[in-house]
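Q: Numbering (this note's numbering), first residue to last: 1 to 161.
Each residue gets a CB set at the ideal place from its N, CA and C atoms; glycine is no exception.
1) Between which two residues does the alpha helix (DSSP H) carrying residue 100 extend?
2) Which parts of the region 47–75 are runs of the alpha helix (DSSP H), unbroken and 4 residues or longer, counting only runs that do not cross its ends?
3) Below 8 angstroms between beta carbons: does that hold for residue 38 and residue 16?
4) Which residue comes first and which comes last in the alpha helix (DSSP H) that contains residue 113?
5) Could you have a look at residue 90 and say whether DSSP puts it in helix, strand or coil?
6) Under the three-state reduction of DSSP, which class applies to residue 145: helix, strand or coil?
7) Is it right to say residue 144 is buried, meaning 16 or more other beta carbons lie within 10 angstroms of its own, or is it exposed?
8) From the DSSP output, in three-state form, read off residue 162 for me.
9) Find out if the Cβ-Cβ distance for the pair residue 73, residue 24 is shorter than 8 angstroms.
10) Taking the beta carbon of residue 56 as the centre, do at least 16 other beta carbons fall within 10 Å, making it buried, or is it exposed?
11) Taking residue 119 as the reference, which of 70, 19, 89 has the closest Cα?
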């Protein structure tokens, strides 16, 4: 029981969970990853302090370990595509609500799987290709599944006439 309390009260664990809830909600239930990463970060912080770094410097070093491999976010990318390319059809807050559903879609996952998802992908020319392919995939999913959008609903409404 003490171990559970220790994990729940871990500063780095809470910081990681908070970050993941905002940027990687699909991985939030990966407790093994979260626990392992939080332990690594705590070790990095303690090692930095033991080597004479100030607490601010140690926190900076720990943050590098904390966010390693988590800078690129499938969730954020999908929300960005939905907000930018489907703004009229899917106004806020629909992109935030639809992104987790799309993350579990096989066609969307297959699109992400074509690319090396690294921390630097967002600054790479491959990101534009991924963005374009995700947009196309979402259009195809919407059309092939006859999914309603706000524009389609407005066009079908008597008020639109």
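A: Reading off the structure:
1) It spans 94–103 - the alpha helix (DSSP H) in which residue 100 sits, taken as one unbroken run.
2) Taking only runs of at least 4 residues, the alpha helix (DSSP H) segments lying wholly in the region 47–75 are 55–67.
3) Their beta carbons are under 8 angstroms apart, which means residue 38 touches residue 16 by this criterion.
4) That run of the alpha helix (DSSP H) goes 106–113.
5) DSSP places residue 90 in coil when its eight states are reduced to three.
6) For residue 145, the secondary structure class from DSSP, reduced to helix, strand or coil, is coil.
7) Exposed, by the Cβ-count rule.
8) It is not possible to answer for residue 162, since the shown part of the chain is limited to 1 through 161.
9) Taking a C-beta distance under 8 angstroms as the contact criterion, residue 73 and residue 24 qualify as a contact pair.
10) Here residue 56 is exposed, its C-beta having fewer than 16 other C-beta atoms within 10 Å.
11) With distances taken between Cα atoms, residue 119 lies closest to 70.
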